[in-house]
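Have a look at the structure below, then the notes.
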Amino acid sequence: MRTIGLLGGMSWESTALYYRVANELVRDRLGGLASASLLVRSLDFREVRACQVEDRWDDAAALLTAEARTLESAGADLVVLCTNYMHKVAPAIEAALSVPFLHIADAVAAAAPGPVVGLLGTAGTVREPFYRERLAAAGLTVLVPPEDDVERVDAAIFGELCRGVLSDGTRADLRAVIARLAARGADAVALSCTELELLLRPEDSPVPLLPSARLHATAAVDAALAPSALVV
């Protein structure tokens, strides 16, 4: 089994999900007392969020690149960044590593059941091109919510979900956002903020949901358990 490096803390609420899913998958696949070989670097989200809000993306790239290299130096055989929005600096991280870096949008795209995907996430993930272009490169057409829904989802993420607040009222609001994307023709809706799947379940949507954290963790376990010849 290869060692997975988890670069998380953005927020720790969803990083805990990565940890649990990876261990559950290894246990289920290998049986007995098997669990995942993991290295976890959980950052102080205040520092990362300040870089986002203040548009200091060079600082963010330098921080996450250094932390990813620390994971590699500590023995990680592959690295996953446990957040969607910070994949804006993924090219810098990938260029700095000599071990595989698994991009979260690739895991989401691979699970899409049809060619049209609705995109939910932080305002930055939805508005900026880095994530949509990655999905489009995989052959998908991406639908984004109207601006008022983008603001509604962003407020729910940073105001509640990143703080561990799970509200029935917010779930109802997000269900309505998803329904509107489905009505516009989405074959599935990507939960492209790792905290969204802490609140939303398959029954909250008329179309399949693509839970980015779970899909990303699954891709990491697939790579960790794959024969050497299959690891890129």
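Letter 93 of the sequence shown, counting from 1, is numbered 92 in numbering that gives the first Met the number 0, and no numbers are missing.
Idealized CB from N, CA, C, for every residue including glycine.
All figures in this text were calculated on a predicted structure; none of them were measured in a lab.
Quick check on Met9: buried or exposed, where buried means 16 or more other Cβ atoms within 10 Å of its Cβ? buried
Is there contact between the segment 40–49 and the segment 112–127, where contact requires at least three CB pairs shorter than 8 Å? no
Is it the case that the segment 92–100 contacts the segment 119–136, given that we only count it when at least three CB pairs across the two stretches are under 8 Å? no
Tell me which residues share the same chain as Trp56 and place their Cβ nearer than 8 Å to its Cβ, disregarding the 5 neighbours each side in the sequence. Cys50, Lys87, Val88
Identify whether Pro210 lies in helix, strand or coil by the three-state DSSP scheme. strand
DSSP puts Leu77 in a beta bridge; with which residues? Ile3
Could you pull out every residue in the same chain whose Cβ sits closer than 6 Å to the Cβ of Phe157, ignoring the five residues on either side in sequence? none
From this set, Pro144, Leu62, Leu199, Asp27, which residue's C-alpha is nearest Gly168's C-alpha? Leu199
Is the segment 213–220 close to the segment 6–21, with three or more CB pairs under 8 Å? Taking a cut-off of 8 Å for Cβ pairs, the segment 213–220 and the segment 6–21 touch, as three or more such pairs fall below it.
What would DSSP say about Val220, mapped onto helix, strand or coil? helix
Tell me the rounded alpha-carbon separation between Gly141 and Pro226. According to the sequence displayed, residue 141 carries Val and not Gly. Distance between the alpha carbons of Val141 and Pro226 is about 33 Å.
Mark Met85 as exposed unless 16 or more other C-beta atoms lie within 10 angstroms of its C-beta, in which case mark it buried. buried
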